[in-house]
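Numbering (my numbering), first residue to last: 645 to 772.
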């Protein structure tokens, strides 16, 4: 979870620099959304590999999204061990090269997640 903790912290920093109110909850929401999208991509790829024409049920998607939204919100807003101050301290204790590599991996992760999700949605939409 360290990867997502630092991703949350860096998204929080981005929102706070732009004077965004509710930067913590927005960041937690983004993390929850990314985790949901990752599972949906995996699920759709499994269906695609199995040549199963089953559709993803909307209640399943909503339940998955709600679960991750609630989980990340509680994890980053209510748990003291994952507060912004503690994550900031952990982040600043890392070396400069670790932080640069971590930020690069975070950009790659977010970009690939968005591209894979949109690409798969377009492909599957054209097939059905």
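For every residue, glycine included, the Cβ atom is placed at its ideal position computed from N, Cα and C. It should be emphasised that the depicted structure is a prediction, and the values quoted were computed from it without experimental measurement.
Query                                                                                                                                      : Result
For residue 712, is the classification buried or exposed, using 16 other Cβ atoms within 10 angstroms of its Cβ as the cut-off for buried? : buried
So residue 734 is in the alpha helix (DSSP H); what residue range does that whole segment cover?                                           : 728–737
Quick one: any contact between the region 702–716 and the region 731–750, if contact means 3 or more CB pairs under 8 angstroms?           : no
Taking residue 722 as the reference, give the member of 672, 650 and 662 with the closest Cα.                                              : 672
Is the beta carbon of residue 761 less than 8 angstroms from the beta carbon of residue 685?                                               : yes
In the DSSP assignment, the alpha helix (DSSP H) including residue 745 goes from what residue to what residue?                             : 740–771
For the alpha helix (DSSP H) containing residue 673, name the first residue and the last one.                                              : 667–693
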